[in-house]
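J.:
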Amino acid sequence: MADFKLLARDSNLRKAILKALSDEYSRTIMNQTIEKPKSVVDIVKECDIPMTTAYRRVHELEENKILKVAGSIVTDDGKKYFLYQNRLKSIYVVFGLEELDIQIVENEGMGVSSYW
C-alpha cells in the first residue's frame, strides 16, 4: 500500500509541484520519467518538446527536487548524458473551501541518492 505524505503549506516542494503541474511541458517530463530514467534527448524525441525548453524544465524540476539524476550514459562518440527520474509516483491535490492540500507518494522504485 502506498505511503501518502502530506506536504506542509509553506513547503518549497509544495510550491514547486503546483508550478510544475500548471505547465504542460513539466507535466509531460514528470510523466515520462516515473517508471524509467530517461535522458533529455530521449524525452525530446518521445514527446516532441523543443530541446532548450526540455533542458530548462528538467533543470527546474531537478532544482526543485521533483526529478533526480538516476545515472548517466556515455555514447560511442564520447558524449555524456544524465538520466533523470521522477521522485514522485503520485500527486494528489485536494482543493476546497479555503483548503489546498497536496499529498505525494514517493517513487519507491528509485535508488538512494545523495541528491535526495
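Residue numbers for the sequence shown follow the working numbering, so the first one is 102 and each next one is one higher. Cβ atoms here follow ideal geometry from the backbone N, Cα and C, with glycine treated the same way. Just so it is clear, the structure is predicted and the values come from calculations on it, not from any experiment.
#1: Just the Cα atoms here: how many angstroms apart are residue 161 and residue 205?
#2: Tell me the rounded alpha-carbon separation between residue 202 and residue 125.
#3: So the candidates are 140, 137, 158 and 196; which of them puts its Cα closest to the Cα of residue 121?
#4: Can the beta-carbon of residue 208 be found less than 8 Å from the beta-carbon of residue 180?
#5: So if DSSP puts residue 202 in a beta bridge, which residue, or which two residues, is it bridged to?
T.: So, from the data block:
#1: Taking the first residue of the sequence shown as 1, we reach residue 161 at position 60. Taking the first residue of the sequence shown as 1, we reach residue 205 at position 104. Straight through space, the alpha carbons of residue 205 and residue 161 are spaced by roughly 19 Å.
#2: In the sequence shown, counting from the first residue as 1, residue 202 sits at position 101. In the sequence shown, counting from the first residue as 1, residue 125 sits at position 24. Looking at the backbone, the Cα of residue 202 and that of residue 125 are separated by about 21 Å.
#3: As a first step, residue 121 is located in the sequence shown; it is residue number 20 there, counting from the start. Distance from the Cα of residue 121 is smallest, within the candidate group 140, 137, 158 and 196, for 158.
#4: As a first step, residue 208 is located in the sequence shown; it is residue number 107 there, counting from the start. As a first step, residue 180 is located in the sequence shown; it is residue number 79 there, counting from the start. No, these two residues do not count as a Cβ contact at 8 Å.
#5: In the sequence shown, residue 202 corresponds to position 101, counting from 1. Bridge partners of residue 202 according to DSSP: 195.
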